[in-house]
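Quick note on this note's numbering: the sequence shown kicks off at 58 and runs consecutively. Quick reminder that beta carbons are idealized off the backbone N, C-alpha and C, glycines included.
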Amino acid sequence: MDLKRRIQAENIILPDNFFHNIQKYKEHLFKWNKIHNLTGARDEATVDDFIFDALFPLSFLPPVNSLLDIGTGAGFPGMILAFGLPDTKVTLVEPLTKRASFLQFIKADLGLENVRVVKKRVEEMESEIFELIT
58 MDLKRRIQAE
68 NIILPDNFFH
78 NIQKYKEHLF
88 KWNKIHNLTG
98 ARDEATVDDF
108 IFDALFPLSF
118 LPPVNSLLDI
128 GTGAGFPGMI
138 LAFGLPDTKV
148 TLVEPLTKRA
158 SFLQFIKADL
168 GLENVRVVKK
178 RVEEMESEIF
188 ELIT
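This is how it looks when you write it as structure tokens:
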């Protein structure tokens, strides 16, 4: 079953631009991953599994205003959730420069105003309250 059907089968409601953003994200991920080794996922089926796993909690969690993703890596689950929750402020914490740069590029390329990328370890961050932490 393809990603779109799997998501629909779980009755997960997503914004109209979600699949456009996912397609752009995957294109950039595969390009960057060849050089920077952002993730072990090397094929589209594996990346689609990661995307579905990131979105599945939307089938049962209540809406939140803020989300913190600690050690987001290439953006799983935080960036994917940011695509699906445009009204949620999503903070992605990633200490590695290559991954934080990729996340910042995705944020800029897709014009994601609800995303903040923090290039540091979570214990170095100022204290802040989040409704959901992954």
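On the three-state DSSP scale, how would you describe residue 100? Locating residue 100 in the sequence shown gives position 43, where the first residue counts as 1. Three-state DSSP puts residue 100 in coil, outside helix and strand.
Kindly identify the DSSP beta-bridge partner or partners of residue 148. Counting from one through the sequence shown, the residue named residue 148 turns up at place 91. 125 and 173.
Rounded to the nearest angstrom, what separates residue 193 and residue 137 at their Cα positions? The chain is shown from 58 up to 191; residue 193 falls before or after that span and cannot be answered.
Using DSSP's beta-bridge definition, name the partner residues of residue 60. Position 3 of the sequence shown, counting from 1, holds the residue named residue 60. DSSP lists no partner for residue 60.
Could you check which residue in 85, 109, 185 and 74 has the C-alpha nearest to that of residue 123? Locating residue 123 in the sequence shown gives position 66, where the first residue counts as 1. Taking only the C-alpha atoms, the option nearest residue 123 is 185.
Using only the alpha-carbon positions, how far apart do residue 141 and residue 125 sit? Stepping through the sequence shown from its first residue, residue 141 is reached at position 84. Stepping through the sequence shown from its first residue, residue 125 is reached at position 68. Taking the straight line joining both Cα atoms gives about 15 angstroms.
Using CA atoms only, rank isn't needed, just tell me which of 159, 80 and 151 is closest to residue 180. To locate residue 180, count along the sequence shown from 1; it is residue 123. If we check each option's Cα against that of residue 180, 151 comes out closest.
So residue 94 is in the alpha helix (DSSP H); what residue range does that whole segment cover? In the sequence shown, counting from the first residue as 1, residue 94 sits at position 37. Neither: residue 94 is in no alpha helix (DSSP H) and is coded neither H nor E.
If you reduce the DSSP assignment to three classes, tell me which class residue 163 lands in. Translated into positions along the sequence shown, residue 163 becomes position 106. Note: residue 163 maps to helix in three-state DSSP.
Spatial neighbours of residue 189 within its chain, please: CB distance less than 6 angstroms, with the 5 preceding and 5 following residues excluded, ordered by chain position. For the purposes of this step, residue 189 is taken as residue 132 along the sequence shown, with counting starting at 1. 121 and 124, listed in sequence order.
At a cut of 8 angstroms, does the region 171 to 179 reach the region 101 to 117 through at least three beta carbon pairs? no
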